[in-house]
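So the sequence shown is numbered by this note's numbering: it starts at 44 and just counts up by one.
Inspection log for the structure reproduced underneath, given as structure tokens.
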Amino acid sequence: MSVNDSLKGKVAIITGAAQGLGEAIAREFVARGAAVIITDVQREEGEAVAADILAQGGKALFIAHDVGDAEAWDVVVAKALDTFGKVDVLVNNAGLIQFAPLEEMPIEMFDRVTRVNVRGPWLGCKAILPALKAAGGGAIINMSSMNGMIAQNPGLSAYATSKGAVRMLTKAVAQDYVQYGVRVNSVHPGTIASTFVAPFLEDPNWRDKLVGRTPMARAGEPSEVAKVVAFLASDDASYMTGSEVAVDGGFVSS
């Protein structure tokens with residue numbers, strides 16, 4: 044974790060933060076001085092992360108949260124404001140990936156993926172913008188993927204579609220709300236050794252697909268993504284909005 048205070052005094056809502064990338068982002072934010080609202084559908088894991096942060100002297104609150112539910116978003120924002128008095132940052136991190144060739148993909152699978160990956164961030168932006176406008180500004184970081192920039196692996200038509208949508212949602216909201224001091228940027232992770240990806244990296248065939256074509260020849264660590272997100276949330280990124288940042292070991296540019 045970092046030891047600087049670039050997020051001191053800031054309050055951040057981070058979705059999908061019960062494990063993996065979201066948890067790493069939450070812990071990085073706390074290490075930099077932020078209070079975090081951890082949201083996830085995984086109640087037990089999310090409560091454990093929040094409890095551990097509190098035990099170490101940090102500020103954290105867990106809220107069980109389905110990002111595809113508009114009313115649930117209203118509850119999250121209201122609880123965040125009631126507990127901490129403000130919200131400065133939203134990290135739309137919650138995501139879902141499912142594999143199937145397009146012609147074999149049930150429409151229900153497509154709907155599940157886009158409900159979390161597109162509807163979720165759209166609702167999150169909609170819910171948080173009034174608070175950010177009232178505060179005179181803030182930051183939104185949307186987690187896309189390198190699959191939102193290139194078509195990397197087969198069977199990802201729903202996932203790639205959703206992450207491409209997040210990429211453009213980011214740019215559209217950035218343009219609409221820059222006048223209110225709200226910065227909106229997207230992060231596009233490559234192969235990261237997160238909770239989800241780690242099992243694939245143990246399979247030689249998958250490892251070759253995921254890492255073999257990466258110029259840095261390794262998987263990234265969740266902490267490496269978390270540091271980029273923390274930078275975008277901080278005042279150090281004050282001249283960045285509508286930007287897309289690939290954290291992918293050079294994959295997209297190769």
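Backbone N, C-alpha and C define an ideal beta-carbon position, used for all residues, glycine too.
| Query | Result |
| --- | --- |
| With DSSP run on the structure shown, which of helix, strand or coil describes V288? | strand |
| Among I183, D117, K122 and P242, which one has its Cα closest to the Cα of L104? | K122 |
| Mapping DSSP to helix, strand and coil, what is P232? | strand |
| Curious, which full-length alpha helix (DSSP H) runs of at least 4 residues does the segment 53–124 contain? | 63–74 and 86–98 |
| Excluding the 5 residues preceding and the 5 following G293 in the sequence, name in chain order all residues of the same chain whose CB lies nearer than 8 Å to its CB. | T257, P258 and M259 |
| Strictly by DSSP, which residues pair up with M181? | According to the sequence provided, residue 181 is Gly. The question's Met does not apply to it. According to DSSP, G181 bridges with V225. |
| Taking buried to mean at least 16 other C-beta atoms within 10 Å of its own C-beta, is D83 buried or exposed? | buried |
| Ordered along the chain, which non-local residues of its own chain (more than five positions away) have a Cβ less than 6 Å from that of I96? | V73 and A103 |
| Starting from N248, follow the alpha helix (DSSP H) in both directions and report where the run begins and ends. | P247 to V254 |
| Hey, does V132 have any beta-carbon neighbour from chain C nearer than 8 Å? | Chain labels in this structure do not include chain C; a single protein chain is all it has. |
| Which of the three DSSP states, helix, strand or coil, is assigned to V134? | strand |
| Let me make sure I understand the geometry here. Which of E147, D246, V161 and E146 has the alpha-carbon closest to that of G191? | V161 |
| Does the separation of the CB atoms of A241 and V227 fall below 8 Å? | no |
| Taking just the CA atoms, how far does V230 sit from T284? | 12 Å |
| Looking at V110: is its Cβ nearer than 8 Å to the Cβ of I56? | no |
| Would you call the CB atoms of G52 and T58 closer than 8 Å? | no |
| Specify the secondary structure class of G198 as computed by DSSP and reduced to three states. | coil |
| Is the segment 192–209 in contact with the segment 261–279, if contact means three or more CB pairs nearer than 8 Å? | no |
| Distance, Cα to Cα, H108 vs W165? | 15 Å |
| If distances are taken between C-alpha atoms only, which option among L139, E146, K169 and A143 comes closest to V156? | L139 |
| Specify the secondary structure class of G128 as computed by DSSP and reduced to three states. | coil |
| Using 7 Å as the cut-off, classify the Cβ of R256 as near or not near the heavy atoms of the ligand MN, replying yes or no. | As presented, the structure is devoid of all ligands, the ligand MN included, so that no description of it is given. |
| Write down the C-beta distance between V272 and I184 rounded to the nearest angstrom, noting that I regard them as a contact closer than 8 Å. | 5 Å |
| For G207, which three-state DSSP category applies? | helix |
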